[in-house]
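Student:
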Amino acid sequence: MDMTMSLTRTARRYRNAADRQLAELGLSQATAWPIYLMGRLGDGVRQGALAEELGVEGPTLVRVLDHLEAAGYLQRREDANDRRAKTLHLTPAGEALRKQVETLLADFRRQVFAGIAEADLAVCLKVFARVTTSLRGGNSEGAR
Numbered sequence: 001m002d003m004t005m006s007l008t009r010t011a012r013r014y015r016n017a018a019d020r021q022l023a024e025l026g027l028s029q030a031t032a033w034p035i036y037l038m039g040r041l042g043d044g045v046r047q048g049a050l051a052e053e054l055g056v057e058g059p060t061l062v063r064v065l066d067h068l069e070a071a072g073y074l075q076r077r078e079d080a081n082d083r084r085a086k087t088l089h090l091t092p093a094g095e096a097l098r099k100q101v102e103t104l105l106a107d108f109r110r111q112v113f114a115g116i117a118e119a120d121l122a123v124c125l126k127v128f129a130r131v132t133t134s135l136r137g138g139n140s141e142g143a144r
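Mapping to the UniProt record's numbering: the sequence shown position 31 is 31, numbers consecutive.
1. Name the two residues that bound the continuous beta strand (DSSP E) containing alanine 85.
2. Can you tell me where the beta strand (DSSP E) holding leucine 74 begins and where it ends?
3. Only counting the same chain, and skipping five residues up and downstream in sequence, which positions put a Cβ closer than 7 Å to that of valine 64?
4. Assuming methionine 3 is part of the alpha helix (DSSP H), what are its boundary residues?
5. Aspartate 19 to aspartate 82, Cα distance in whole Å?
6. Expressed to the nearest angstrom, what Euclidean distance is found between the alpha-carbon atoms of arginine 76 and valine 127?
7. Sorted by chain position, which residues of the same chain lie with C-beta nearer than 8 Å to tyrosine 73's C-beta, five sequence neighbours on each side aside?
8. Give me whichever residues DSSP pairs with asparagine 46 in a beta bridge.
As structure tokens, this is what we get:
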């Protein structure tokens, strides 16, 4: 139970601190992560692929995308190979914002993880990967 409470508490504090940083750009994590990941996944990423990467349901993402599109940060287009699917494209304003988000979050991570050895972070990421695999129904051997 200690692990669960610690993980929950740490995640909440991290999200709150990141939201305070992103507020400087008029964003929250809910609006910043889609922009950030669209840059990582590439121009024309499908809306469904972005939802999966974010770990959210389609309708939840649609509301965020509506907001970002209305703000002029992205465009949705019909997928040329599947008219039912939408592809996502950052506008020039969205690309500029993505760069700001990336810089801000990199600085934030440097502050948060300052003084923590790279080896310790690597172990932490390995544990998170195993927990994620276990939660997805994969082999959880060794997970606690």
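A virtual CB, placed ideally from N, CA and C, is assigned to each residue, including glycine.
Tutor: Taking the coordinates as given:
1. 82-90 is the span of the beta strand (DSSP E), which, as asked, contains alanine 85.
2. 74-79
3. Ala30, Thr31, Pro34
4. Counting along the chain, methionine 3 sits inside the alpha helix (DSSP H) bounded by residues 2-22.
5. 36 Å
6. 36 Å
7. Ile35, Leu90, Thr91, Ala93, Gly94, Leu97
8. According to the sequence provided, residue 46 is arginine. The question's asparagine does not apply to it. Answer by DSSP bridge pairing, in chain order: Thr87.
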